[in-house]
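For the sequence shown, the numbering used here assigns the number 2 to the initial residue and increments by one for each residue that follows. Below is one structure, written out as structure tokens; comments come after it.
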Amino acid sequence: MGFSFFPKEIQFFDLFAAQYAKLSEAVTVLNSIFQEFSDCENKCKSINILEEEGNGVARNIAKQLSLTFITPIDREDIHDINIAQEDLLNLVKAISTRIGLYDFTVMKFPSKRLVKNLALMVEEVGRMLDRLRERKPVEANSKKVKSLKYECEMILLVALGEVYDLKVQGFETVMEIIKWTHIYDRIEQAVNQAERLADIIEGVVLKNA
């Protein structure tokens with residue numbers, strides 16, 4: 002095979018799509034845990050597998066970026082999207098890991114709303130990635146993400162108020178407060194990261210308009 006002076010074009014948008022597919026599936030499974038609260042052990046295991054696979058895609062993106070001279074968008078933007086998607090997937094795993102560890106008997110209603118909104122935010126991020134590939138505006142998608150984020154902030158205030166209003170009747174109540182505080186903290190981090198990912202994509206779209 003002869004040597005070519007022209008570097009092979011890496012389809013970074015395809016790699017982003019593969020990475021997003023792992024993120025989307027993981028968030029869908031997480032949402033089913035909170036909405037249905039059944040078969041949690043197997044669902045948490047599947048999220049762990051998806052997170053490992055997603056990390057593999059992230060490493061591949063980083064590797065291809067280091068070997069590629071010509072990229073469809075700026076190199077730092079590819080890096081930022083890659084890391085942001087990876088971080089969000091890691092936070093999804095962090096939430097599911099805690100659900101797997103804590104011996105809950107029921108999912109609190111605010112937590113269901115928060116995770117459902119997180120799933121909707123991730124859906125919008127997927128649409129934004131598609132529009133980035135097509136060089137189309139994403140303003141409407143970004144507004145939807147921010148609206149869901151704002152709603153999450155309001156729900157979170159109610160959720161934490163509910164937890165801290167629990168009447169302490171012993172060690173079990175204290176542990177329940179601690180556990181739910183940890184869960185809500187990780188959900189809040191995931192929601193913030195989803196908004197950050199959307200902001201990054203919107204910035205890249207505007208830069209390449």
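All C-beta atoms in this analysis are idealised placements derived from N, C-alpha and C, irrespective of residue type, glycine included.
Straight-line CA distance for residue i to residue j?
i	j	result
LEU161	THR182	7 Å
ASP104	ARG136	47 Å
SER5	VAL139	For SER5, the pLDDT reaches just 41, beneath the cut-off of 50, and the residue's location in the model is therefore unreliable, although a value from the coordinates is still provided. The straight-line gap from Cα to Cα measures roughly 37 Å.
PRO111	ILE184	11 Å
LEU31	THR174	25 Å
GLY101	GLU54	20 Å
LYS9	ALA199	Residue placement at LYS9 is flagged as unreliable, the pLDDT there being 48, under the threshold of 50; the coordinate-derived value follows with that caveat. Each residue's alpha carbon lies about 29 Å from the other.
PHE7	ASP131	The pLDDT assigned to PHE7 is 38, lower than 50, so where the model puts this residue is not dependable; a value taken from the coordinates is nonetheless given after this. Cα to Cα, the separation comes out at about 27 Å.
GLY3	LEU68	Only weak support is given to the placement of GLY3: the predicted model assigns it a pLDDT of 44, under 50, and the question is left unresolved by the model.
LYS208	THR29	31 Å
ALA18	GLN170	49 Å
GLN36	ALA210	39 Å
ASP40	TYR165	29 Å
So residue i and residue j are supposed to be a Cβ contact under 8 Å. How far apart are they, rounded?
i	j	result
LEU119	ALA191	6 Å
ILE133	VAL206	The question names Ile, but residue 133 is Leu in the sequence shown. That belief holds up - the Cβ atoms of LEU133 and VAL206 are roughly 5 Å apart, short of 8 Å.
LEU66	HIS80	7 Å
LEU16	ILE62	5 Å
Please name the residue, chosen from the options, that lies closest to residue i on a Cα-to-Cα basis.
i	options	result
LYS144	PRO73, GLU196, VAL169	GLU196
ILE34	LYS113, ALA18, LEU198, VAL159	LYS113
ILE48	GLY127, SER97, GLU163	SER97
VAL58	LYS23, GLU163, GLU125	LYS23
GLU186	ALA210, LYS44, CYS153	The identity of residue 186 in the sequence shown is Asp, whereas the question assumes Glu. Considering only alpha carbons, the answer is CYS153.
LYS46	ARG99, LYS64, GLY204	ARG99
ASN142	GLY204, ALA18, LYS64	GLY204
GLU163	MET176, LYS109, LYS64	LYS109
ARG60	GLN20, PHE70, VAL159	GLN20
ASN83	TYR151, LYS44, PHE14	PHE14
Would you mind stating whether residue i and residue j have Cβ atoms separated by less than 8 Å?
i	j	result
MET129	ILE202	yes
ALA85	GLN12	no
GLU52	LYS94	yes
VAL107	PHE172	no
LEU167	ILE179	no
VAL126	ILE188	no
LEU157	LEU121	no
GLU87	ASN56	yes
SER25	VAL123	yes
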